[in-house]
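Asker:
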Amino acid sequence: MPKYDKHGLTEAIRTLGTLNTDSMFSNDFLLTWEKHDDEIEATFLVADILRGMRGENISSRVFDSGLGISLFRDNSTRTRFSYASACNMLGLEVQDLDEGKSQIAHGETVRETANMISFMADVIGIRDDMYIGKGNAYMREVAEAVERGHADGVLEQRPTLVNLQCDIDHPTQSMADALHLINHYGNVKALRGKKIAMTWAYSPSYGKPLSVPQGLIGLMTRFGAEVVLAHPEGYEVMPEVEAVAKRNAEQSGGSFVRTNSMDEAFADADVVYPKSWAPFAAMEKRTELYGARDDAGIKALEQELLAENARHTEWEADERRMASTKGGKALYMHCLPADISGVSCKQGEAAASVFDRYRVPLYKEASYKPYIIAAMIFLSKFDDPATTLQRLIETGTPRIR
Amino acid sequence: MPKYDKHGLTEAIRTLGTLNTDSMFSNDFLLTWEKHDDEIEATFLVADILRGMRGENISSRVFDSGLGISLFRDNSTRTRFSYASACNMLGLEVQDLDEGKSQIAHGETVRETANMISFMADVIGIRDDMYIGKGNAYMREVAEAVERGHADGVLEQRPTLVNLQCDIDHPTQSMADALHLINHYGNVKALRGKKIAMTWAYSPSYGKPLSVPQGLIGLMTRFGAEVVLAHPEGYEVMPEVEAVAKRNAEQSGGSFVRTNSMDEAFADADVVYPKSWAPFAAMEKRTELYGARDDAGIKALEQELLAENARHTEWEADERRMASTKGGKALYMHCLPADISGVSCKQGEAAASVFDRYRVPLYKEASYKPYIIAAMIFLSKFDDPATTLQRLIETGTPRIR
Amino acid sequence: MPKYDKHGLTEAIRTLGTLNTDSMFSNDFLLTWEKHDDEIEATFLVADILRGMRGENISSRVFDSGLGISLFRDNSTRTRFSYASACNMLGLEVQDLDEGKSQIAHGETVRETANMISFMADVIGIRDDMYIGKGNAYMREVAEAVERGHADGVLEQRPTLVNLQCDIDHPTQSMADALHLINHYGNVKALRGKKIAMTWAYSPSYGKPLSVPQGLIGLMTRFGAEVVLAHPEGYEVMPEVEAVAKRNAEQSGGSFVRTNSMDEAFADADVVYPKSWAPFAAMEKRTELYGARDDAGIKALEQELLAENARHTEWEADERRMASTKGGKALYMHCLPADISGVSCKQGEAAASVFDRYRVPLYKEASYKPYIIAAMIFLSKFDDPATTLQRLIETGTPRIR
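Residue numbers (the numbering used here), protein chains in the order written: chain A, 1 to 401; chain B, 1 to 401; chain C, 1 to 401.
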């Protein structure tokens with residue numbers, strides 16, 4: 001359900017007009033912690049406004065033509081559809097660039113490709129989460145290349161970048177998750193003092209990206225929440241991102257703590273986010289092995305990690321743990337798809353009965369992503385977003401005639 | 001050639017306004033025999049109106065943005081292009097979901113995927129004709145999932161489904177075929193008493209779907225025609241669909257008979273539709289073998305079926321049989337591509353000289369499909385289709401400036 | 001940078017109005033030498049006008065809906081993006097038809113496929129450069145098929161064809177290259193007397209198409225330039241195209257000469273275009289071997305050609321040769337991607353320092369291609385292009401709201 005009806009839209013746009021989003025214009029969205037508070041708030045507002053407009057059958061097609069390039073290192077139905085939905089909502093046609101998994105281009109090759117695909121590109125969405133130290137760096141290389149291309153007169157417009165998941169952050173996921181929480185509790189202030197447990201959970205699969213837990217602790221700590229990161233020893237995330245979480249918590253008046261006990265994390269929690277990931281150190285090692293094309297090493301590491309994982313099958317969001325949360329009713333979150341015990345695998349991240357009980361909120365959580373992506377694009381394309389949105393509403397072109 | 005000029009369009013829209021299409025709104029198009037006569041007539045009318053509008057360079061873009069999801073179990077250039085054309089004509093951008101051939105998801109997995117791809121989806125077109133008892137059932141699962149997703153507030157709109165071919169029916173094909181006949185003879189009443197022979201024909205390939213013959217006998221029997229289904233013994237279609245055909249024929253004042261003689265079917269026929277298909281019983285067995293992942297069994301069945309097929313190479317639409325039709329000039333139909341003797345294979349469904357003589361009508365037959373699909377989408381999206389179409393014509397936005 | 005501002009646009013449109021483009025309407029763009037001088041000039045003008053409109057944020061969306069079909073024999077990120085960009089700019093949605101590399105359909109199969117994909121097609125872009133004597137012939141077959149389909153009432157509109165590269169010509173490349181030169185020197189008259197060296201260069205890869213050098217000599221000779229074609233003995237291009245170049249040069253008051261010395265070509269040149277290609281005779285032989293499915297023969301030929309190539313590694317655009325050009329500052333051109341010595345290969349078409357120095361002009365050269373393709377489409381779709389463009393500018397629909 002959209003948050004805003006027609007009257008609510010106008011008020012939300014008025015609030016948007018009071019926020020400073022100047023530095024989002026003609027800029028990229030790569031890490032949430034590079035954005036100041038007004039910018040984060042504006043992204044939530046625009047996402048809810050775009051959703052409200054759709055609810056009121058008001059077109060948000062701001063591009064009469066234009067391309068949204070997608071550049072994915074791996075297949076991803078969900079991210080693909082979210083990005084395609086966001087682009088479509090704004091009037092951009094998606095054009096996929098498939099570079100293949102293994103090909104990690106560098107330097108001038110990146111510069112050339114980035115320019116060659118960008119003649120009509122307004123946005124480039126990149127998902128590159130496979131190699132530690134590479135994904136976010138690659139995005140910055142592309143951004144620099146198109147910035148230069150525009151300055152050199154090669155590109156008529158400077159396409160802006162949206163990070164659709166990298167080795168460090170997953171801003172479209174964490175922002176969608178946060179907006180889900182905000183609307184679940186009514187407003188962002190309600191997150192103050194809430195205990196949010198981002199916790200590792202067992203999965204029989206290997207090498208899940210760190211960007212979800214990192215994105216979560218890097219963002220949720222901004223709203224005054226009591227954020228707990230729980231994982232078995234050895235499953236540490238990037239120290240830089242923990243540092244971000246600590247700093248955020250200090251500034252927002254919340255807290256950030258780490259524990260090796262899933263029980264401790266769940267106890268009295270308002271929100272639980274149980275999800276598997278690979279240890280940061282192992283992912284670093286994997287990147288080196290890939291760099292050296294050491295196939296035997298990669299296989300050995302995989303076996304090692306699976307064996308290590310298997311020592312922690314007990315890390316499951318089960319009914320006992322859910323019962324220990326605030327009132328036994330913590331909000332269960334996941335980026336989907338989840339590994340569900342006895343359903344998608346023998347033993348997984350969550351008990352089937354837990355997962356089933358939260359199906360509707362989980363789908364709602366996911367439903368925010370296209371709007372968040374669209375909001376990121378919108379704010380990078382309009383220097384006065386409030387006025388543009390107000391004009392769209394006044395014009396009132398119907399989305400469906 | 002479009003049926004309607006500008007004046008004809010207005011009259012056709014007036015006729016459309018007298019038909020009751022209420023239950024098509026926000027509904028799916030899965031089987032023609034689930035639609036009452038007004039709905040079938042309205043679909044033909046809207047298809048011809050959309051084609052007429054295109055002829056008059058009047059835009060039929062009713063969606064300012066929106067996605068048309070396509071979900072195909074197998075590759076299909078023609079259906080893909082027909083669906084893409086229909087979506088494009090209405091303003092929807094196609095987004096493909098490739099699930100792969102083998103993966104037949106069930107239950108909550110279907111529910112999750114259906115929701116995840118539908119945030120901006122106005123239509124979902126599904127082609128799933130490979131396994132008896134599965135394709136249509138899968139479509140209903142998806143429909144139920146998005147219905148719930150919309151009710152739960154996950155989806156802003158309820159995407160409607162179009163059956164692009166299933167194990168039971170092929171409504172976009174049979175409706176396009178029927179509209180071809182209607183326009184060939186001038187009007188639907190002219191089909192009354194016409195002998196239409198839907199007949200099996202030999203093909204060297206294995207396991208062609210039953211949905212075409214089933215769709216044909218399930219639809220053509222509604223117009224008072226004398227429908228004959230001919231096939232060698234053992235090549236029976238689904239008994240439920242034969243029952244539909246019988247009931248239809250009784251109600252429409254036509255007839256439905258079955259024969260094991262191709263000659264009998266062709267004799268004095270007004271329309272012949274010679275086309276290969278696999279026996280229903282064999283397709284059921286195949287579905288079981290796939291379910292049990294019995295590769296050896298699948299191969300054995302394939303050999304068995306090819307051997308059985310090879311006993312009926314005589315079932316060909318040849319010149320002798322064509323000469324036996326009404327005045328030697330029956331209208332030859334096919335869903336394309338056809339197996340043509342001496343051209344695409346050594347021995348096939350039709351003699352090359354027969355096929356060549358009917359090339360233009362065959363292409364015309366195919367040309368109705370995009371408009372039929374667009375009409376199905378249109379009628380599921382507008383509660384007062386006549387008024388919407390009239391407004392489009394009055395506004396008169398040119399398709400090409 | 002667009003050439004025209006708002007005032008410049010109106011003047012350019014006035015010039016366009018004085019040119020005779022009647023025979024481009026409803027016609028295809030297959031070879032530049034089939035187009036008379038007004039048509040070539042109009043294509044440049046429309047490309048620059050469309051670019052200028054984009055610079056002024058004026059929408060060039062002339063199609064409210066419609067499909068641009070792409071039919072590529074091989075993968076090509078750059079051509080794909082250029083074509084998609086051109087279609088998008090005009091309002092056409094790209095729909096890809098992947099026929100696979102090996103499948104070279106003929107006769108009625110081409111006719112059937114061409115019709116089946118064209119029900120909503122306004123344009124068909126084809127890239128088919130792999131087999132001598134086939135690519136351009138195939139395009140003409142498709143053109144004839146849709147012409148007939150339209151005449152027969154199968155297709156509501158006659159899609160026009162754009163040659164995105166064939167065995168004979170590469171008009172979108174050569175026209176983009178020429179427009180780059182025109183804008184580099186200020187106007188087309190400035191090309192008169194310029195020495196343009198189209199020269200073979202060494203590449204470790206095998207079988208690069210002839211369409212680039214052929215396209216270049218077939219077009220650049222029209223502007224009064226001194227065109228030199230240089231290659232090692234045995235690397236001849238198609239004699240028919242050399243004949244075109246000679247005739248053009250005579251008519252335009254320029255010249256066309258052939259040499260076997262790269263040094264001679266570079267000496268005092270204003271423009272150099274060093275690029276590898278396969279010998280015409282070898283490509284003819286390869287086509288025969290493919291036709292006979294002689295895999296051993298194909299492999300043997302490949303080895304032979306690589307060995308022959310390796311005898312000419314000395315053909316490189318190096319600093320010594322660049323220094324010998326006019327003032328040491330010839331404009332270096334390439335269709336990209338280039339084989340750069342020590343970067344993309346051990347030894348290639350150009351020295352790294354040369355390539356690097358010309359990166360910006362090379363990217364600018366490439367940037368013209370989407371506009372050239374869009375101009376070709378535009379001129380085939382509007383019988384009075386100047387009036388249509390003037391109306392677009394007066395209406396002034398913003399591309400970005």
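Cβ coordinates follow ideal geometry from the N, Cα and C atoms, glycine included.
Assuming residue 352 (chain B) and residue 340 (chain B) make a contact with CB atoms under 8 Å, what is their CB distance in whole Å?
Answerer: The Cβ separation is near 5 Å, so the contact holds.
Asker: Contact between the segment 56 to 66 of chain B and the segment 189 to 198 of chain B is defined here as three or more beta-carbon pairs at a separation below 8 Å; is this criterion met?
Answerer: Too few Cβ pairs lie closer than 8 Å, so no.
Asker: Going along chain C in order, which residues have a C-beta closer than 8 Å to the C-beta of residue 398 (chain B)?
Answerer: The contacting residues are 64.
Asker: Round the Cβ separation of residue 85 (chain A) and residue 119 (chain B) to the nearest angstrom and send it over; I've been treating them as touching at under 8 Å.
Answerer: Indeed, because the Cβ distance is near 5 Å, the residues count as touching under 8 Å.
Asker: On a CA-only basis, which of C:306, C:288, C:234 is nearest residue 203 (chain C)? Give me that one, please.
Answerer: The candidate whose alpha carbon is nearest that of residue 203 (chain C) is C:306.
Asker: Residue 16 (chain C) lies in the beta strand (DSSP E); which residues open and close that run?
Answerer: Element bounds for residue 16 (chain C): not the beta strand (DSSP E) but the alpha helix (DSSP H), 6 to 17.
Asker: Less than 8 Å between the beta carbons of residue 228 (chain A) and residue 197 (chain A), yes or no?
Answerer: For residue 228 (chain A) and residue 197 (chain A), yes; Cβs fall inside 8 Å.
Asker: Out of curiosity, what's the CA-to-CA distance linking residue 103 (chain A) and residue 135 (chain A)?
Answerer: Confidence at residue 103 (chain A) is low in this model, with a pLDDT of 47, below 50, so its placement is unreliable and no value can be given for it.
Asker: What residues of chain F sit near residue 17 (chain C), judged by a beta carbon separation below 7 Å?
Answerer: Absent from the structure: chain F. Protein chains present are A, B and C.
Asker: Can you find the residues in the same chain that come closer than 6 Å, C-beta to C-beta, to residue 149 (chain C), ignoring five residues on each side of it along the sequence?
Answerer: Closer than 6 Å at the Cβ level, and outside the excluded window around residue 149 (chain C), lie 115, 155.
Asker: Which residues, in chain order, does the segment 138 to 157 of chain C contribute to contact with chain B at a C-beta distance below 9 Å?
Answerer: Per Cβ criterion, the list reads 148, 149, 152, 153, 154, 155, 156, 157.
Asker: In chain order, which continuous runs of the beta strand (DSSP E) of length 3 or greater are located wholly inside the segment 222 to 252 of chain C?
Answerer: Here the runs fully enclosed are 226 to 230.
Asker: How big is the Cα-Cα spacing for residue 26 (chain C) and residue 158 (chain C)?
Answerer: Approximately 7 Å between the Cα atoms of the pair.
Asker: For residue 72 (chain C), which residues does DSSP report across the bridge?
Answerer: Beta-bridge pairing links residue 72 (chain C) to C:127.
Asker: In the DSSP assignment, find the alpha helix (DSSP H) that holds residue 362 (chain B) and state where it starts and stops.
Answerer: Taken as a continuous stretch (DSSP letters only), the alpha helix (DSSP H) holding residue 362 (chain B) covers 359 to 367.
Asker: Taking Cβ-Cβ distances shorter than 9 Å, what residues in chain A pair up with residue 67 (chain B)?
Answerer: 81, 84, 85, 88, listed in chain order.
Asker: Any beta carbon from chain B within less than 8 Å of residue 364 (chain A)'s own beta carbon?
Answerer: Closer than 8 Å: yes.
Asker: Taking the Cβ atom as the reference point for each residue, do residue 131 (chain C) and residue 167 (chain C) lie within a distance shorter than 8 Å?
Answerer: For residue 131 (chain C) and residue 167 (chain C), yes; Cβs fall inside 8 Å.
Asker: So if I threshold CB-CB distances at 8 Å, which residues from the segment 327 to 339 of chain C count as touching chain A?
Answerer: So the close ones are 336, 337.
Asker: Verify whether the separation of the beta carbon atoms of residue 331 (chain A) and residue 271 (chain A) is less than 8 Å.
Answerer: Yes. Within cutoff.
Asker: Pairs of beta-carbons, one from the segment 17 to 31 of chain B and one from the segment 13 to 27 of chain C, closer than 8 Å: are there three or more?
Answerer: In short, these stretches do not touch, since the Cβ pair count stays below three.
Asker: Quick one: grab the DSSP three-state call for residue 407 (chain B).
Answerer: The structure shown does not extend to residue 407 (chain B), since chain B is modelled only from 1 to 401, so the question has no answer here.
Asker: Quick one: give me the first and last residue of the beta strand (DSSP E) that residue 257 (chain B) is part of.
Answerer: Per DSSP, residue 257 (chain B) belongs to the beta strand (DSSP E) from 255 to 259.
Asker: So is residue 398 (chain A) buried or exposed if we call it buried at 16+ other beta carbons inside 10 Å?
Answerer: Exposed: under 16 other Cβ atoms inside 10 Å.
Asker: Rounded to the nearest angstrom, what separates residue 303 (chain A) and residue 355 (chain B) at their Cα positions?
Answerer: Rounded to whole angstroms, residue 303 (chain A) to residue 355 (chain B) spans 60 Å at the Cα level.
Asker: Quick one: what's residue 93 (chain A) bridged to in DSSP?
Answerer: Bridge partners of residue 93 (chain A): A:67.
Asker: In angstroms with no decimal places, state the Cα-to-Cα distance between residue 417 (chain A) and residue 372 (chain C).
Answerer: Because chain A spans 1 through 401 in this model, residue 417 (chain A) falls outside it and cannot be assessed.
Asker: Does the beta carbon of residue 388 (chain C) sit closer than 8 Å to a beta carbon anywhere in chain B?
Answerer: It does; some Cβ of chain B falls within 8 Å.
Asker: Identify the contact partners of residue 93 (chain C) in chain A, using a Cβ-Cβ distance below 8 Å as the criterion.
Answerer: Chain A residues near residue 93 (chain C): 93.
Asker: Using CA coordinates, which residue listed in A:378, A:400, A:396 is at the minimum distance from residue 400 (chain C)?
Answerer: Considering only alpha carbons, the answer is A:378.
Asker: In chain C, what lies closer than 9 Å to residue 51 (chain B) by C-beta?
Answerer: 156, listed in chain order.
Asker: So with CB distances below 8 Å, who are the chain C contacts of residue 2 (chain B)?
Answerer: Going along chain C in sequence order, the residues near residue 2 (chain B) (Cβ under 8 Å) are 156.
Asker: Hey, quick one: how far does the alpha helix (DSSP H) through residue 196 (chain A) stretch, first residue to last?
Answerer: Element bounds for residue 196 (chain A): not the alpha helix (DSSP H) but the beta strand (DSSP E), 195 to 200.
Asker: Secondary structure at residue 275 (chain B), three-state DSSP: helix, strand or coil?
Answerer: Strand.
Asker: Report yes if the CB atom of residue 128 (chain A) is closer than 8 Å to the CB atom of residue 211 (chain A), and no otherwise.
Answerer: No, these two residues do not count as a Cβ contact at 8 Å.
Asker: If you draw a straight line from the C-alpha of residue 300 (chain A) to the C-alpha of residue 350 (chain A), how long is it?
Answerer: The alpha-carbon atoms of residue 300 (chain A) and residue 350 (chain A) are separated by roughly 28 Å.
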